[in-house]
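Novice: Residue 1 is where the sequence shown starts when you use our numbering, and the numbers rise one by one after that.
For glycine and all other residues, C-beta sits at the position ideal for the given N, C-alpha and C.
Questions regarding the structure given below will be posed in turn.
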Amino acid sequence: MKRKRHSPARDLWELTKPGVTRMCALTAAGAAWLALQSDDAPFPAETAADGWCSPGFAAGFAGVVGASLAVAAASAFNMWLERARDPLMPRTKDRPLAARRLSSATGLGFAAALLLASIVTLALFTNPLTLLLTLWATVGYVLVYTPLKYRTPLALLIGAVPGAAPPLLGWTAVTGRLDLGGLSLFLILLVWQMPHFLAIMLFRRHEYARAGIRCVSVVRGESAARVQAFLWSIVLLPISVLPSVIGLTGPLYCAVALLLSLGFLGWACTGLRPFGDRASELRWARRFFFASLIYLPALIVALVLDVVLR
1 MKRKRHSPAR DLWELTKPGV TRMCALTAAG AAWLALQSDD APFPAETAAD GWCSPGFAAG
61 FAGVVGASLA VAAASAFNMW LERARDPLMP RTKDRPLAAR RLSSATGLGF AAALLLASIV
121 TLALFTNPLT LLLTLWATVG YVLVYTPLKY RTPLALLIGA VPGAAPPLLG WTAVTGRLDL
181 GGLSLFLILL VWQMPHFLAI MLFRRHEYAR AGIRCVSVVR GESAARVQAF LWSIVLLPIS
241 VLPSVIGLTG PLYCAVALLL SLGFLGWACT GLRPFGDRAS ELRWARRFFF ASLIYLPALI
301 VALVLDVVLR
């Protein structure tokens with residue numbers, strides 16, 4: 001196997017958890033774009049004389065950038081806090097701080113710089129509500145969720161709350177207020193995270209146990225984790241169509257969301273059967289995890305297409 005090449009720049013990039021930050025940027029951008037098309041936007045995209053340079057677009061773009069910087073900062077702070085435990089898990093032992101390719105001070109300083117950049121961006125180009133929500137989500141993830149996951153399985157739900165903030169931030173950056181539109185997008189991401197992370201906890205159970213993480217599969221067992229994934233998938237079904245119920249999206253999104261959610265629920269249901277061996281259970285958990293990775297982008301694409309075609 002070809003070894004990954006490391007450099008200080010690459011290590012700093014890895015501190016941001018690029019995959020997580022990319023997904024959060026995608027959800028924030030989708031929400032900001034949807035807000036621009038809605039009646040709640042103070043500067044609707046279709047009436048802006050200067051198009052991409054309209055005030056609404058500028059605020060939405062700044063919201064996406066600021067939210068992404070905050071997610072990157074929270075990820076870096078998380079790695080700094082967990083630098084002593086990360087070496088205990090194969091998945092995290094090669095992280096820059098865990099492997100000591102970067103000093104603790106460098107990691108902490110980089111995280112602080114990212115957070116400062118987020119604060120400046122949001123303060124200058126969005127609104128106080130978006131800035132406050134961003135700070136609340138960052139503090140919740142770093143100082144509440146991170147230490148709690150070593151104490152209680154409830155940390156998963158607690159961490160899902162700040163984890164679902166990016167679409168809400170994209171929405172409020174454009175509209176400047178909390179309303180049903182932004183909250184419906186927040187709820188979709190909140191509920192989606194539960195089966196998504198429960199799947200990870202199933203096929204990483206032994207690693208989490210070794211690191212002292214009190215996740216559901218470690219504390220309550222694998223069967224309980226599969227049941228919880230199924231129950232949250234049931235909740236995701238009505239939540240996924242909420243944007244159409246409140247009039248934010250139309251029948252196309254509603255139909256696609258229903259089909260996606262029913263398919264996802266069906267897959268979760270197969271996890272309730274008895275597994276003959278550990279390998280079969282691991283295969284199911286991995287496939288369910290990858291299904292969750294397909295589900296969310298597909299939902300965003302359906303949302304965008306619905307608005308464009310209408």
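Can you tell me where the alpha helix (DSSP H) holding Cys24 begins and where it ends?
Specialist: Counting along the chain, the alpha helix (DSSP H) containing Cys24 begins and ends at Pro18 to Gln37.
Novice: Could you check where the alpha helix (DSSP H) with Asn78 kicks off and where it finishes?
Specialist: That run of the alpha helix (DSSP H) goes Pro55 to Leu81.
Novice: Within the same chain, show all residues whose beta-carbon is closer than 7 Å to that of Leu305, passing over the 5 residues directly before and after it, in chain order.
Specialist: Contacts found: Leu252.
Novice: Could you tell me whether the segment 17-36 touches the segment 70-77, using the rule of 3 or more Cβ pairs below 8 Å?
Specialist: Verdict: yes, contact present.
Novice: Beta-carbon within less than 8 Å of Ser223's beta-carbon, same chain only, minus the 5 sequence neighbours each way: which residues are those?
Specialist: The answer is none, since no qualifying residue turns up.
Novice: Determine the direct distance from the alpha carbon of Ala229 to that of Leu265, and round the result to whole angstroms.
Specialist: Using only the alpha carbons, I get a separation of about 9 Å.
Novice: With a threshold of 6 Å (Cβ to nearest heavy atom), would Gln37 be considered close to the ligand GTP?
Specialist: No copy of the ligand GTP occurs in the structure displayed, which carries no ligand at all.
Novice: Cβ of Leu260 within 7 Å of Cβ of Ala285?
Specialist: It is not a contact, given that the beta carbons lie outside the stated cut-off.
Novice: Classify Arg100 as buried or exposed, calling it buried when 16 or more other Cβ atoms lie within 10 Å of its own Cβ.
Specialist: It is exposed - the Cβ of Arg100 has fewer than 16 other Cβ atoms within 10 Å.
Novice: Thinking just about the alpha-carbon of each residue, which of Cys24, Gly247, Gly170 and Cys254 is nearest to the one in Phe125?
Specialist: Comparing Cα-Cα distances from Phe125 to each of Cys24, Gly247, Gly170 and Cys254, the minimum goes to Gly170.
Novice: When you compare each of Thr249, Arg10, Gly276 and Pro243 to Gly107 by their alpha carbons, which one comes out closest?
Specialist: Comparing Cα positions, the closest option is Arg10.
Novice: Roughly how many whole angstroms lie between the Cα atoms of Trp232 and Pro167?
Specialist: For Trp232 and Pro167, the distance between alpha carbons rounds to 20 Å.
Novice: Any contact of the segment 77-86 with the segment 55-65, i.e. 3+ C-beta pairs under 8 Å?
Specialist: Touching, no, given that fewer than three Cβ pairs across the two stretches are closer than 8 Å.
Novice: Report yes if the C-beta distance between Phe289 and Ile213 is below 7 Å; otherwise report no.
Specialist: No, they are not a contact pair.
Novice: For Val149, count neighbouring C-beta atoms within 10 Å of its own C-beta (all shown protein chains included) and say buried if the count is 16 or more, exposed if not.
Specialist: Here the sequence assigns Lys to residue 149, which means Val is not the residue at that position. Looking at its Cβ environment, which holds 16 or more other Cβ atoms inside 10 Å, Lys149 is buried.
Novice: For the alpha helix (DSSP H) that Pro274 lies in, which residues bound it at each end?
Specialist: No alpha helix (DSSP H) contains Pro274, which DSSP labels as neither H nor E.
Novice: Any idea if Ser104 is buried or exposed, counting beta-carbon neighbours within 10 angstroms, 16 or more meaning buried?
Specialist: Its Cβ having fewer than 16 others within 10 Å, Ser104 is exposed.
Novice: Measuring CB to CB, does Cys24 end up less than 7 Å from Val65?
Specialist: Taking 7 Å as the Cβ cut-off, Cys24 and Val65 do not qualify as a contacting pair.
Novice: If we count the other Cβ atoms within 10 Å of its Cβ and call it buried at 16 or more, is Pro162 buried or exposed?
Specialist: Classification of Pro162: buried, given that the 10 Å Cβ count is 16 or more.
Novice: Taking DSSP as the reference, what is the three-state secondary structure of Ile246?
Specialist: Reduced to three states, the DSSP call for Ile246 is coil.
Novice: Going along the chain, which unbroken runs of the alpha helix (DSSP H) with 4 or more residues stay wholly within the segment 85-127?
Specialist: Segments of the alpha helix (DSSP H) lying fully in the segment 85-127: 104-125.
Novice: Between the C-alpha atoms of Pro128 and Ala117, what's the straight-line distance to the nearest angstrom?
Specialist: Using only the alpha carbons, I get a separation of about 15 Å.
Novice: If the criterion is Cβ atoms closer than 7 Å, does the pair Ile239 and Ile188 meet it?
Specialist: Taking 7 Å as the Cβ cut-off, Ile239 and Ile188 qualify as a contacting pair.
Novice: Whole angstroms are fine: how far does the CA of Gly247 sit from the CA of Ala209?
Specialist: C-alpha separation (whole angstroms): 45 Å.
Novice: Tell me which same chain residues have a C-beta within less than 8 Å of the C-beta of Ser7, skipping the five on either side of it?
Specialist: Excluding residues within five positions, none has a Cβ falling inside 8 Å.
Novice: Helix, strand or coil for Ile153? Go by DSSP, reduced to three states.
Specialist: A small correction: the amino acid at residue 153 is Pro; Ile does not occupy that position in the sequence shown. Pro153 falls in the coil class under three-state DSSP.
Novice: Need the endpoints of the alpha helix (DSSP H) that Arg10 sits in, please.
Specialist: Unbroken alpha helix (DSSP H) run through Arg10: Pro8 to Leu15.
Novice: Quick one: measure Cβ to Cβ for Arg220 and Pro153, integer angstroms, because I've assumed they're closer than 8 Å.
Specialist: About 6 Å; that satisfies the 8 Å criterion.
Novice: How is Gly176 classed by DSSP in three states: helix, strand or coil?
Specialist: Correct three-state label for Gly176: coil.
Novice: Just tell me which of Ala112, Val216 and Leu133 has its CA closest to the CA of Met316.
Specialist: The displayed coordinates of the chain run from 1 to 310. Any statement about residue 316 would go beyond what the structure contains.
Novice: What span of residues does the alpha helix (DSSP H) with Leu231 cover, start to end?
Specialist: Run containing Leu231: Glu222 to Ser240, per the alpha helix (DSSP H) assignment.
Novice: For Leu309, count neighbouring C-beta atoms within 10 Å of its own C-beta (all shown protein chains included) and say buried if the count is 16 or more, exposed if not.
Specialist: Looking at its Cβ environment, which holds fewer than 16 other Cβ atoms inside 10 Å, Leu309 is exposed.
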